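To keep things clear, I will list the structure first and then write my remarks on it.
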Amino acid sequence: MENSKLQLQMERVKQMIDEARAITILSHINPDADTLGTALGIFALLFKQGKRVEVVNASTQLPKHLDFLPFFSKLKHKIDFADSLIITCDAGSLDRFGFDLTGRMIINIDHHISNTFFGDVNVVFPNDASTSQVAFKLFSTIYPINAQTATAFYTALLSDTRYFTTSNVTPEVFDIARELVARGANPVDIAKNFTQRRSLSSVRVLERALHSLTLTMNGQVATMQILLEDIEATGATMPDMEGIVDYGRSLATVELAVLLIELKEGWRVSIRSKTVDITPLAKSFGGGGHKVAAGFTLSKAEYTQSAVKCHSQIATQITQLRILQ
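In my numbering, the protein residues as written are 7 to 331.
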């Protein structure tokens with residue numbers, strides 16, 4: 007069923023690209039390796055095909071450790087092409103891209119279960135481990151995968167599977183990883199850029215987050231917070247805080263980990279789970295994500311009331327988990 011669906015989508019995507027006068031590839035705000043790796047991998051493919059193409063991210067702060075990715079220097083912060091075909095990467099809703107895309111033709115490539123299917127074509131496979139996995143299956147049937155694309159897609163796959171340790175890692179994931187290495191991705195160099203290029207500010211803000219760690223519900227919920235004063239004192243940026251919530255989930259007794267990040271305009275909430283499906287929780291606050299990795303944002307005015315509601319819903323889910331066990 008998936009193969010026949012993918013075949014139809016491939017044909018439509020190729021037609022849309024062939025007919026487009028210009029193409030804009032978008033990655034989501036506060037970008038991670040999956041959204042950037044997927045976007046840059048697609049850019050590399052289309053650029054090699056001689057297409058008039060741009061790759062754009064609305065955030066002014068990009069993860070510095072990903073600057074080894076091919077064509078990273080081509081990333082722009084505004085859309086220059088008028089009436090271009092839009093290819094979105096790795097987000098469940100249009101508001102995650104930060105641009106008004108009214109009237110644009112959109113190819114939506116994603117793997118979030120919370121995806122709202124906002125595109126004219128929606129290449130969305132929630133069971134896939136990364137959006138780059140979806141993109142590889144789609145574009146490898148259209149164009150030959152070059153070394154630049156292989157590097158970008160492999161980087162995205164490595165990151166979103168947390169080094170091939172998440173529950174959605176399947177034999178297909180390893181088959182694709184092997185194929186990407188065969189086509190030019192260097193796993194040693196890519197892993198080095200993930201593990202040996204951390205900024206000092208990321209370590210300092212991690213220290214403050216860990217100092218705030220509290221355990222509730224008999225050690226099943228871990229909560230951390232990063233305040234504005236922590237961000238200002240350490241000089242940390244949003245990319246520096248990527249992955250901190252996973253430290254809470256790593257504890258033996260913890261089922262749910264929550265990281266609250268205070269921003270000038272509100273709070274960013276990241277939630278991670280070992281077994282509980284947290285997508286309904288994230289959706290109830292206007293967010294989304296995956297079964298075990300999701301998040302949402304709250305305004306300053308919403309925070310106090312919503313924090314109580316969020317804690318109550320987490321307690322309910324933990325109770326349900328106990329019943330299931």
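From the three backbone atoms N, C-alpha and C, an ideal C-beta is built for every residue, glycine too. In this text, all values refer to a predicted model and were calculated from it rather than measured experimentally.
By Cβ distance, which residues of its chain are closer than 7 Å to residue i, with the 5 residues on each side in sequence left out?
i	result
residue 74	199
residue 161	39, 43, 75 and 196
residue 66	83
residue 138	40, 43, 44, 47, 159, 162 and 163
residue 20	148
residue 87	28, 30 and 60
residue 17	none
residue 12	143 and 144
residue 184	none
Starting from residue i, follow its DSSP beta bridges and name the residues at the other end.
i	result
residue 211	Residue 211 is not bridged to any residue.
residue 128	114
residue 19	For residue 19, which the question treats as bridged, DSSP gives no partner whatsoever.
residue 229	220 and 264
Assuming residue i and residue j make a contact with CB atoms under 8 Å, what is their CB distance in whole Å?
i	j	result
residue 159	residue 186	6 Å
residue 50	residue 154	4 Å
residue 113	residue 127	5 Å
residue 123	residue 100	The Cβ separation is near 11 Å, so there is no contact.
residue 32	residue 94	5 Å
residue 171	residue 179	Not quite, the Cβ-Cβ distance comes to about 11 Å (not below 8 Å), so this is no contact.
residue 133	residue 174	6 Å
residue 152	residue 54	6 Å
residue 205	residue 70	7 Å
Where do the ends of the alpha helix (DSSP H) carrying residue i lie?
i	result
residue 139	137-145
residue 237	234-240
residue 165	153-166
residue 196	193-201
Starting from the C-beta of residue i, find all residues in its chain whose C-beta is less than 6 Å away, skip the five residues before and the five after it, and write them out in chain order.
i	result
residue 241	207
residue 81	61 and 63
residue 97	34
residue 331	Caution is warranted here: a pLDDT of 42 is assigned to residue 331, below 50, making its placement in the model unreliable, and no coordinate value can be reported.
residue 220	229
residue 264	229 and 277
residue 280	261
residue 121	98 and 130
residue 329	Reliability fails at residue 329, whose pLDDT of 37 lies under 50, so the model's placement of it is uncertain and no value is given.
residue 110	92
residue 142	159 and 182
residue 156	186, 189, 190 and 191
residue 215	230, 232 and 250
residue 23	none
Check for me: the beta strand (DSSP E) holding residue i runs from which residue to which?
i	result
residue 304	299-305
residue 186	First-last for residue 186: 177-188, but that is the alpha helix (DSSP H), not the beta strand (DSSP E).
residue 33	29-33
residue 107	Here residue 107 belongs to no beta strand (DSSP E), and DSSP marks it neither H nor E.
residue 221	220-222
Cutting at 8 Å between CB atoms, please list the residues of its own chain near residue i, excluding the five before and the five after it.
i	result
residue 9	none
residue 254	219, 228, 229, 230, 260, 263, 264, 265 and 278
residue 211	232, 236, 237, 240, 242, 246, 247 and 250
residue 270	234
residue 165	38, 39, 40, 43, 136 and 200
residue 285	119, 120, 294, 295, 296, 297 and 300
residue 106	none
Identify every run of the beta strand (DSSP E) within the region 51-99, keeping only runs that are complete inside it and at least 3 residues long; order them along the chain. 59-62 and 91-95
Tell me the start and end of each unbroken beta strand (DSSP E) in the region 242-294 that is at least 3 residues and wholly inside, in chain order. 262-269 and 272-279
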